[in-house]
Amino acid sequence: MKDIKTISCIGAGYVGGPTMAVIALKNPHIRVNVVDINEEKIRLWNSDNLDELPVYEPGLADIVKKVRNKNLFFHTDINQAIEDAEMIFISVNTPTKTYGVGKGMAADLKYVELCARQIADVAKTDKIVVEKSTLPVRTASSIKRILAEQNKGLTYSVLSNPEFLAEGTAIKDLLEADRVLIGGEESENGQKAIEALVKIYEAWLPRERILTTNVWSSELSKLTANAFLAQRISSINAISVLCEKTGADVDEVARAIGSDSRIGPKFLKASVGFGGSCFQKDILNLVYLNRFYGLNEAADYWEQVIIMNDYQKHRFAANMVSSMFNTVSGKKIVFYGWAFKKDTNDTRESAAIYIADQLIDEQAEIHVYDPKVSHRRMQQDLYDLNTRPEAENDQYLHFEKDPYEAIRGAHAVAVITEWDVFKSLDWQKIYKAMKKPAFIFDGRNILDHEALREIGFEVTAIGKKKV
Ligand code: NAD
Ligand code: UGA
Numbered sequence: 001m002k003d004i005k006t007i008s009c010i011g012a013g014y015v016g017g018p019t020m021a022v023i024a025l026k027n028p029h030i031r032v033n034v035v036d037i038n039e040e041k042i043r044l045w046n047s048d049n050l051d052e053l054p055v056y057e058p059g060l061a062d063i064v065k066k067v068r069n070k071n072l073f074f075h076t077d078i079n080q081a082i083e084d085a086e087m088i089f090i091s092v093n094t095p096t097k098t099y100g101v102g103k104g105m106a107a108d109l110k111y112v113e114l115c116a117r118q119i120a121d122v123a124k125t126d127k128i129v130v131e132k133s134t135l136p137v138r139t140a141s142s143i144k145r146i147l148a149e150q151n152k153g154l155t156y157s158v159l160s161n162p163e164f165l166a167e168g169t170a171i172k173d174l175l176e177a178d179r180v181l182i183g184g185e186e187s188e189n190g191q192k193a194i195e196a197l198v199k200i201y202e203a204w205l206p207r208e209r210i211l212t213t214n215v216w217s218s219e220l221s222k223l224t225a226n227a228f229l230a231q232r233i234s235s236i237n238a239i240s241v242l243c244e245k246t247g248a249d250v251d252e253v254a255r256a257i258g259s260d261s262r263i264g265p266k267f268l269k270a271s272v273g274f275g276g277s278c279f280q281k282d283i284l285n286l287v288y289l290n291r292f293y294g295l296n297e298a299a300d301y302w303e304q305v306i307i308m309n310d311y312q313k314h315r316f317a318a319n320m321v322s323s324m325f326n327t328v329s330g331k332k333i334v335f336y337g338w339a340f341k342k343d344t345n346d347t348r349e350s351a352a353i354y355i356a357d358q359l360i361d362e363q364a365e366i367h368v369y370d371p372k373v374s375h376r377r378m379q380q381d382l383y384d385l386n387t388r389p390e391a392e393n394d395q396y397l398h399f400e401k402d403p404y405e406a407i408r409g410a411h412a413v414a415v416i417t418e419w420d421v422f423k424s425l426d427w428q429k430i431y432k433a434m435k436k437p438a439f440i441f442d443g444r445n446i447l448d449h450e451a452l453r454e455i456g457f458e459v460t461a462i463g464k465k466k467v
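With the first letter of the sequence shown counted as 1, position 49 gets the number 49 in our numbering; the numbers rise by one all the way through.
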């Protein structure tokens, strides 16, 4: 296999943008094109104002500044990008299907298929096609068939190279990846393709962290990794419910079990429920695959992770209502945070959306302060639930630019996202500005609850018995 000189990536989203920026940074001899059908997104990736980049990630803007228009190019000419590259990453979205067979469960592969068809139509030279999107096991065979169908005498290799970065730490995760996974065919061509991709990652990662497997293991490992991570959160959240009844403290339990090196301390933070674009969609996909193969017990097992997560979001909102004398109608409730986790502007599947929706049902006035999320985004998130007319949502959802301004005259504050800034707020000042009794609902257990109680707050936290 000749050295790769040009790479193209179809899909300039949360994965395509940061991943290609790091590949370009570490491989200055390779030209990297990132293309998308969304013209506005590409315009923002090319914006001189780096605050406008469509993805907010610590460290990303610095890298983009260094390599953009040197060896990293964002544009919308997908055909040209396909023609130019020896290696093409498919990094488009694979959301849960909203129609037809597998509705609400299976991954919608229409965007991936469109990319494969476009590559088949346009390609004039051999291509290595890399699945970067998260896909159901055996998708590579469909991609291969679509590519082969044109019969142009070209050689295609399809690799699976799932991405494991987490939002908010994407750049660190890419630069210091625990492992990179590359699945390929056992044929001579497949092995050459694997080596070409290994070489790109070897520019900054030690060879032993680059794992190579067959394609199906790689595809399934990605779904499995997300299922295991989400399962840990649902497990600790299930324990949090029992803690609230018994007086055990969920953070103490997490520390005690996490000190066992077999269990480990990470991903044991009880919370208002996990969000993000992938955990739910990937587990639903795993459930669907199991059902497809008639493996109903395995399907039920994984589905329970989602059921527990829905319960956690629902009971957080229900607890707020019951604590506030069973009525929140007309009450001002401030949300600190709307993003699904700190250090990202991404709100997909954020617990905030579902909690706000449930409280709006109770006619509460929701005022939201988030350091990175726009008013438009919050509005759209609620519209997308389709629970009530848009105007009615707008009536109850209020956007706030400052955490102290937001709180004036509020009955309660709920910490939904674990942004660091919330830990260092002047809680004395906040208490003074609020109606009494002043309620705090800490959905992330990031505040000093004893200190807050001393100020006079009534504090409710996840997995802690009410005092
Ligand atoms: P995203 O929605 O942020 O980006 C996908 C982009 O693909 C969009 O900009 C869309 O316009 C573009 N697109 C769709 N169809 C296209 C086409 N035919 N041609 C050109 N562009 C097209 O999605 P994302 O968060 O980057 O996720 C992409 C994939 O990576 C998903 O499969 C996801 O499961 C997986 N993944 C995501 C993360 C994450 O943290 N977000 C992490 C690991 C894996
Ligand atoms: C997750 C995985 O961590 C990545 O490895 C994977 O690549 C990615 O999904 C994906 O496939 O999209 P991400 O969703 O970006 O990454 O962020 P996480 O840090 O995993 O957090 C997910 C959700 O779980 C957040 O809402 C977070 O607040 C919550 N969480 C996380 C907890 O409630 N408790 C924890 O202990 C950890």
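Glycine included, each C-beta is placed from N, C-alpha and C at the ideal position.
Boundaries of the beta strand (DSSP E) around Arg31: Arg31 to Val35. Taking a cut-off of 8 Å for Cβ pairs, the segment 305-312 and the segment 246-263 do not touch, as fewer than three such pairs fall below it. Between Asn69 and Ala24, the CB-CB gap reaches or exceeds 8 Å. In the three-state reduction of the DSSP assignment, His375 falls in the helix class.
Among the bridge pairs identified by DSSP, Cys9 is matched with Val34 and Phe89.
In the DSSP assignment, His411 falls outside any beta strand (DSSP E) and carries neither an H nor an E.
The residue from Phe399, Lys26 and Ser350 with its alpha-carbon nearest to that of Glu418 is Ser350. In this structure, the straight-line span from the alpha carbon of Arg291 to that of Val180 is close to 29 Å. Taking the Cα positions, Ile407 is about 24 Å away from Val467.
Its chain contains Phe399 as the residues whose beta carbon lies nearer than 6 Å to that of His375, once the 5 sequence neighbours on both sides are disregarded; these appear in chain order. Annotation: the continuous beta strand (DSSP E) that includes Glu400 extends over Leu397 to Glu400.
When C-alpha distances from Ile333 are compared across Lys172, Ser323, Ala12 and Cys9, the shortest belongs to Ser323.
The beta carbon of Asn38 sits no closer than 7 Å to any heavy atom of the ligand UGA. By the neighbour-count criterion, in which a residue is buried when 16 or more other Cβ atoms sit within 10 angstroms of its Cβ, His29 is exposed. Closest in C-alpha terms to Ser160, from the list Lys222, Val34, Thr327 and Gly330, comes Lys222. Every unbroken stretch of the beta strand (DSSP E) spanning 3 or more residues and falling wholly within the segment 304-377 is given here in chain order: 332-336 and 365-369. Excluding the 5 residues flanking it on each side, Leu60 has same chain C-beta neighbours closer than 6 Å at Pro18 and Ile171, in chain order. The count of Cβ pairs closer than 8 Å, one atom from the segment 88-97 and one from the segment 127-144, reaches three, so the stretches are in contact. Here Ala230 is buried. Its C-beta has 16 or more other C-beta atoms within 10 Å. Val180 is bridged by DSSP to Ile210. The beta carbons of Arg232 and Phe279 sit about 11 Å from each other, so the pair does not count as a contact at 8 Å.
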